Structures are given as structure tokens and as C-alpha cells.
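Going letter by letter, the sequence shown gives residues 6 to 483 in our numbering.
Glycine included, every Cβ here is placed at the ideal spot set by N, Cα and C.
Since this is a predicted model, take the numbers as computed values, not measurements.
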Amino acid sequence: MNLVVMKFGGTSVEDPAAIGRTAAIVAGRVANGKNPVVVVSAMAKVTDQLLRAAAAAAMGDRTGALAISSRLRSRHRDTACALVNDKAACAALTCMIDEKFDALDEVLRGLAAILELTPRISDLIVSYGERLSSHIVATALRERGVDSVHADAREFIITDSEFQKAGPLSDIIEKKASEKLLPHVRNGKVPVMGGFIASNEAGLTTTLGRGGSDLTGALVGGALDAETIEIWTDVDGIMTADPRVCPDALRVKVISFEEAAELAYFGAKVLHPATILPAVRKNIPVLVLNSRNASCEGTRIISLAPHCKSPFKSIAVKKKLSIIDIVASRMLMSHGYLSQMFAVFDKHKCAVDMVSTSEVSVSVTVDSNASLPAISADLGQLADVKYEGKKALVCLVGEDIRGQHGIAAQVFNAIRHINVRMISQGASEINMSFMIDEDDADEAVRSLHAAFFKEPDPEIFDVEARKQLAVSSSRVEK
Ligand code: ADP
Ligand code: ASP
Ligand code: MG
């Protein structure tokens, strides 16, 4: 078997045209003798809208919640009708869509009556996005001659009960995914499943956290010992910076697992931070590819990347962070202080991104979240505390900074016009990160990009695309 897991993100299934492209890509793999297992996200923006419907219902706005649901119902029905010509298949699909929306509306009505949105109900509501899109894609593939079969991810992606950010139980997944999916694959069928959604051991619907379909793809790839895991998205691969912020970002042709994990963790939205783990465990290459430009080679993420002449491969940014400054003279010459402090973060299940200490003070950065006042109150028992939001962490990642001199000077020279609040060089020695005001983040990325990707190494970066861009823009200028 040549098993390939192909995960398609929201934009790759956003409308009939996108689903058509996705179907053609899968059909192409089948024609090349591959055995794909397809994982799809909800159609673009559907998860956000489902969350909005849930929030409206929980505020008692029953009409508003049902109106969102009704618009989503029409969008899914219209998409299905545009894709499926076969009358019987179309009738079955629209009937399935109506059943799902009827059930969703029941939940929203109940929520509008009880006015309490628990993480468990939230997961049940958002799960409809992937449950719907996976059925539509499975049918669209059959229409295009691919022998596909729908698989309900919740039967084999099993997690703990941490609703909204559930942790996968790898051993159970490995066993159940093989049992459920391999018989289909051996029969030449292409299973299509929703990403992001899962269930706990009691069978209740959970989700893997926002952007979690990438993780589903990696978990399935790991469980089935796939030869590759493909992440299909709306950009040519992992780029040297978010192309929305830095339009002249270059495609990174090859990058190591370690670098990609670091980038994902520090905010490069193109990959969910946990995606790399299952792939590393089984040493399965991950490819990041563009469903709108399928002929582009994308980015190959492998265990050992070749040496790169530039120190960095890419720049990531994580926004919506806060800095907490904790000052206590009692800290001077004492011990055990940090452990008491971190116990507070632990109690509130709050992950700390960056830490910097002096003799009497500690600054930490955390995701801005609703528990900040409570964390601050608890820390206030130990020290003077103040926190400030709207911060961003900028992180430069590259294995080839190891042992190079003068890199930090170049980094801070490039952003000398920007006020830096905290600095850290990762323990892994492959990243350099610093904290600034969120409003300065885009400018910082562009300045760093200009400084570090002026003469990119053609072995690692797609310099051809930049040359073509330069030629076409000079033509426009003439
Ligand atoms: P999908 O819905 O396919 O999962 P996402 O929106 O989650 O797609 O991720 C793709 C987006 O990630 C891109 O459109 C791009 O704006 C953003 N992005 C951020 N950093 C990077 C980067 N370094 N390389 C590529 N894309 C990036
Ligand atoms: N649909 C989910 C989200 O928008 C999961 C995903 O797309 O990966 O977060
Ligand atoms: Mg994503």
C-alpha cells in the first residue's frame, strides 16, 4: 500500500469550486497509484459562525442564533447541489444536511433556554462544521469517480475529556483508526473524514482546539504508518513569513521537524503546533501544499534538513499576548519562589511562553485570556503584580543560528526603531524571540525579513518565484 494522508483546510473546501479542485487533487493521487485517506476541515469560516451562533443562543438571542444556522444550512445545501449532479445522490445529501441542521437547531434552542454554554456543548455545536463538510466532500469525490467512503472521526479519534482542547489518546487511536480505516483502504476505497472532531472514551464529542484538523491528519498518518502526510492549504507552503504581512515572503522548500514545530508553536498559523509530534514519532515526512496551485512542490518537513546559508528559515508572530510583571523583594537570595509562582499558572491551566528574571522580579508572557485577573489576584498573594495586554512575540527560527556569532546584533539592529520589552534565545538554540507591542509586530516582521532574506539560499528557498515577481512587476512599471 502507498498510503497518503491528505488534509484539506477550510479554504480548500470553502465552495463548490474549491471542493472541485480538492477532488481533482485526490483523483490525481489515486491515478498515480496512491491510497489516500482524506481529512477535511469545515468549510472556511463555518467554525467561527457556529461559535457565534452558540454565543448568541447562550445570551438568549434565539432568533439570532437560528438565523446564523439558517444561513449556514443554505450555504451547505447550495454547495451540495452545485457539486452533485446525480439526482438520488443529491437528494440523499441534502436530506443528510437538513437532518444535521435540524439537530443543531434543537441544541441552539435548548441553549437559548438554559443560557449556559459549557465547553462540552460548544464542542457539540462546532462539530457540525466538519461533520457536514466531510459528507459533502465524500459525495463530491464519488461524483468524480473516486470510490470514497465517509468515516466518522469520532469513532476512532479518541481523546481525554478536556473539551475544546482535547488531548488525543494515541494508543487507542492507533488501534481504532487501523481497524476502521485500513479495511476500506485495502478494498481500494478512499476514506473521507472530518478533522478537528473527536470523542472521549464515553463517546461524547470533543474537539482538538482551533486549527486542529492538521493534528487529525498527523494522528491518522501516524496511526496508519502513512508514507507522507500532506497538509493542503491556501499558500504555497511554509513561507519565510506570513505572506499576508510580508508580501515578498519566499517559500521554504525544506525544513526540519524541529524548526517547523518551533514555528507552529510561535504562531505560524499554517500548521497546528501539535501536528509535528505524531509525524516525528514515526518519522513520516509532512508536506505543506497549495490546493490553489497544486503543481507547486510546497514545503517538505523532514527529520534532518540540509544546511542553510542563511541563519533563519522563517519568522513567526504570536499576537494577543500579555506580559505579567511580578516584583517582590522577598525573592532576593531566597529559593522556592519560582515554584510557588508557577504553581499559580498551573492551577489556572495557563501556559507560559517566555520568562525573564532578575534578582527581585520575574516577567512572564501568557496568552491574553479571561483568567488573567484571577491569576493576577493569586500572584498578588506573593508579590506586586501588574499585567499589560496587546503584546506580540516575534520569533525567528533556524537551525543554522547554532554557533553563529553576531546574529543577535543583526536582529536588534534591524528593529532598532522598535521598543523591545523582553528577549529570549530558545533553549533549543534554534530560535530567537522577543516581545513587543502588538501594533509594532507587522513592521518588525517586514524589517527583519528585509534584513535576513535579501540573498536567500536557493537550495532552501524558492528564489525563482521572487525573480518572476520582479520581472512581472518591472513589466507593469514600463
Ligand atoms: P487552513 O484553513 O488550510 O488550515 P490556515 O488559515 O490555518 O489554513 O493557515 C494558512 C494561513 O497561514 C495562510 O493563509 C497564511 O496567511 C498563514 N501563515 C502564517 N504564517 C505563515 C507562514 N510562515 N507560512 C505560510 N503561511 C503562514
Ligand atoms: N475548523 C476548525 C477551525 O476552524 C479546525 C481546522 O480548520 O483545522 O479551527
Ligand atoms: Mg489551519
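Cβ pair residue 220, residue 156 closer than 8 Å:
Pairing residue 220 with residue 156 gives a Cβ-Cβ distance that is not under 8 Å.
Residue 58 to residue 107, Cα distance in whole Å?
Each residue's Cα considered, the two are about 14 Å apart.
So what does residue 392 bridge to, in DSSP terms?
Paired residue(s): 329.
Excluding five sequence neighbours on each side, which residues of the same chain lie with their C-beta closer than 8 Å to the C-beta of residue 204?
Contacts found: 159, 160, 162, 163, 164, 210 and 211.
Three or more C-beta pairs below 8 Å linking the stretch 61 to 79 and the stretch 35 to 44:
Taking a cut-off of 8 Å for Cβ pairs, the stretch 61 to 79 and the stretch 35 to 44 do not touch, as fewer than three such pairs fall below it.
For residue 123, count neighbouring C-beta atoms within 10 Å of its own C-beta (all shown protein chains included) and say buried if the count is 16 or more, exposed if not.
Around the Cβ of residue 123, a 10 Å sphere holds fewer than 16 other Cβ atoms; the residue is exposed.
I want to check one thing, is the minimum distance from the CB of residue 249 to the heavy atoms of ligand 1 below 7 Å?
Correct: residue 249 has its Cβ closer than 7 Å to ligand 1.
On the criterion of 16 or more Cβ atoms from any shown chain inside 10 Å, does residue 230 qualify as buried, or is it exposed?
With fewer than 16 other Cβ atoms within 10 Å, it is exposed.
Let me confirm a value: residue 277 is counted as buried when at least 16 other C-beta atoms fall within 10 Å, else exposed. Which label applies?
Buried.
Are residue 300 and residue 13 closer than 8 Å when you measure CB to CB?
In this structure, residue 13 does not lie closer than 8 Å to residue 300 by Cβ.
Tell me whether residue 397 is buried or exposed, calling it buried when 16 or more other Cβ atoms sit within 10 Å of its Cβ.
Counting Cβ neighbours within 10 Å, residue 397 comes out buried, since at least 16 surround it.
Just mark residue 400 as buried or exposed, buried being the case when its beta carbon has 16 or more other beta carbons within 10 Å.
Buried is the call here.
Would you mind giving the Cβ-Cβ distance between residue 117 and residue 67, rounded to the nearest angstrom? I have them listed as a contact below 8 Å.
About 4 Å separates the two Cβ atoms, so the contact holds.
Alpha helix (DSSP H) containing residue 218: first to last residue?
218 to 228 is the span of the alpha helix (DSSP H), which, as asked, contains residue 218.
Distance check for residue 264 and residue 26, CA to CA, integer angstroms please.
Rounded to the nearest angstrom, the gap between the Cα atoms of residue 26 and residue 264 is 30 Å.
Where do the N-terminal and C-terminal ends of the beta strand (DSSP E) with residue 426 fall, by residue?
Neither: residue 426 is in no beta strand (DSSP E) and is coded neither H nor E.
Only counting the same chain, and skipping five residues up and downstream in sequence, which positions put a Cβ closer than 7 Å to that of residue 125?
Around residue 125: 168 and 209.
Using a Cβ-Cβ cutoff of less than 8 Å, which residues in the same chain neighbour residue 101 once the five nearest sequence positions on both sides are dropped?
Contacts found: 140.
The alpha helix (DSSP H) enclosing residue 441, as first and last residue numbers:
From DSSP, residue 441 is part of no alpha helix (DSSP H) but of the beta strand (DSSP E) over 436 to 442.
Take the Cβ of residue 370 as the centre, count every other Cβ of all protein chains shown within 10 Å, and call the residue buried at 16 or more, exposed below.
Classification for residue 370: buried.
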